[in-house]
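In what follows, a single structure is set out as structure tokens and then discussed.
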Amino acid sequence: MPPQPRSGTRKPSKDHTSDARLLTEAVTRLRRSLRASIRTDYPWETLPMAQVELLQVLAEHSPARISDLATRQHLAASTVSGLIGQMITAGLVTRDVDSADRRASVVVLTDAGRAQLTAWAQAHERRLGAALAALGDADRDTVRAALPALLRIAEHLDDTGD
Numbered sequence: 004m005p006p007q008p009r010s011g012t013r014k015p016s017k018d019h020t021s022d023a024r025l026l027t028e029a030v031t032r033l034r035r036s037l038r039a040s041i042r043t044d045y046p047w048e049t050l051p052m053a054q055v056e057l058l059q060v061l062a063e064h065s066p067a068r069i070s071d072l073a074t075r076q077h078l079a080a081s082t083v084s085g086l087i088g089q090m091i092t093a094g095l096v097t098r099d100v101d102s103a104d105r106r107a108s109v110v111v112l113t114d115a116g117r118a119q120l121t122a123w124a125q126a127h128e129r130r131l132g133a134a135l136a137a138l139g140d141a142d143r144d145t146v147r148a149a150l151p152a153l154l155r156i157a158e159h160l161d162d163t164g165d
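Count along the sequence shown from 1, then add 3; that gives the number in the numbering used here.
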């Protein structure tokens with residue numbers, strides 16, 4: 004029997020508003036569950052989500068200026084600067100001179116930062132892997148079939164968010 008939406012929600016239909024509402028609820032619940040479980044199941048994990056997200060951006064776009072990171076994350080430069088300061092202290096990133104403009108500085112992901120990000124991703128993969136394994140074959144197949152469309156939604160949101 005396929006899982007039913009939580010009470011108070013409607014079943015998916017051709018109504019895009021209803022589908023968007025259910026997808027929002029699913030993504031929100033997944034993020035909240037992962038955030039809570041990572042601290043319970045993996046107590047070594049202490050990175051705030053804002054720092055994890057900056058590490059993820061730096062893994063794709065390093066080196067980067069603080070202003071560029073702020074733009075990508077839709078945060079104030081002062082907020083990003085504060086987070087970067089904490090991450091420098093933790094050894095996750097360094098600040099270097101921008102080779103294109105020696106007057107400016109860039110943030111670079113360190114090997115320790117990359118290792119921390121990898122450990123974070125692997126912990127989430129283990130957690131999600133266990134949840135997927137608990138599903139029946141039909142539900143796992145449904146999730147697998149939905150992944151390309153979910154990634155296209157994320158790309159669309161990335162394209163329209165900048």
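Built from N, CA and C at the ideal position, the CB exists for glycine as well.
- Only exposed fits Pro51, as fewer than 16 other CB atoms lie within 10 angstroms of its CB.
- Rounded to the nearest whole angstrom, the CA to CA distance from Gln54 to Leu37 is 16 Å.
- Ranked by Cα distance from Trp123, the first of Asp18, Arg32, Glu56, Thr31 is Glu56.
- Here Arg68 carries a coil assignment [DSSP, helix/strand/coil].
- For Thr97, the secondary structure class from DSSP, reduced to helix, strand or coil, is strand.
- The beta carbon of Arg130 is closer than 6 Å to those of Ser40 in its chain, skipping five residues each way along the sequence.
- Looking at the DSSP output, Asp104 bridges to Asp101.
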